[in-house]
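Enquirer: Sequential numbering from -9 applies to the sequence shown in our numbering.
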Amino acid sequence: MINKIVSIENFKRATKSYNQNMARIRGLAGLPLEGFQSLNTVADARNAYLNAIIDYNQAQLSSLRAIGRPLGIDADSEAIAEDH
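The structure is reproduced here in structure tokens:
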């Protein structure tokens, strides 16, 4: 969960930096390379965020499996059938 929070903050900072660099470029005060580098940083931050979500979801599934809770559509159908 901490990785997810850190990843979100990194993504926000990278996006802010990108926006600032693009404003500088538009105002002819920045170099296009700075915009390209900040865009790469945004992409890296976004990938890190997505990987953090994937890791979190995989950990949740592992925990559910470890406690014996059924997973998937078939498992949901079986649980509904048992309730009736």
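Glycine is no exception: its CB is placed at the ideal position from the N, C-alpha and C atoms.
State the start and end residues of the unbroken alpha helix (DSSP H) segment that holds Ile57.
Expert: Residue 57 sits at position 67 when you count from the first residue of the sequence shown. From DSSP, Ile57 is part of no alpha helix (DSSP H); its letter is neither H nor E.
Enquirer: For Met(-9), does the three-state DSSP call read helix, strand or coil?
Expert: As a working mapping, residue -9 is identified with position 1 in the sequence shown. Of the three classes helix, strand and coil, the one that applies to Met(-9) here is coil, per DSSP.
Enquirer: Let's test the definition: count the other Cβ atoms within 10 Å of the Cβ of Val32 and tell me whether it reaches 16, buried, or not, exposed.
Expert: Locating residue 32 in the sequence shown gives position 42, counting from the first residue. Counting the other Cβ atoms within 10 Å of the Cβ of Val32 gives 16 or more, which makes it buried.
Enquirer: Please classify Asn11 as buried or exposed, where buried requires at least 16 other C-beta atoms within 10 Å of its C-beta.
Expert: Reading the sequence shown from its first residue, position 21 is the one you call residue 11. Classification for Asn11: buried.
Enquirer: Secondary structure at Gly25, three-state DSSP: helix, strand or coil?
Expert: Residue numbering aside, residue 25 sits at position 35 when the sequence shown is read from its first letter. In the structure shown, Gly25 sits in a helix (DSSP, three-state: H, G or I).
Enquirer: Quick check: Ala35 and Asn0, are their CB atoms within less than 8 Å of each other?
Expert: Walking along the sequence shown from the start, residue 35 turns up at place 45. Walking along the sequence shown from the start, residue 0 turns up at place 10. Yes; because the gap between Cβ atoms is below 8 Å, this pair is in contact.
Enquirer: In whole angstroms, what is the alpha-carbon distance linking Arg55 and Gln27?
Expert: As a position in the sequence shown, residue 55 is number 65, starting the count at 1. As a position in the sequence shown, residue 27 is number 37, starting the count at 1. So the two alpha carbons sit approximately 42 Å from each other.
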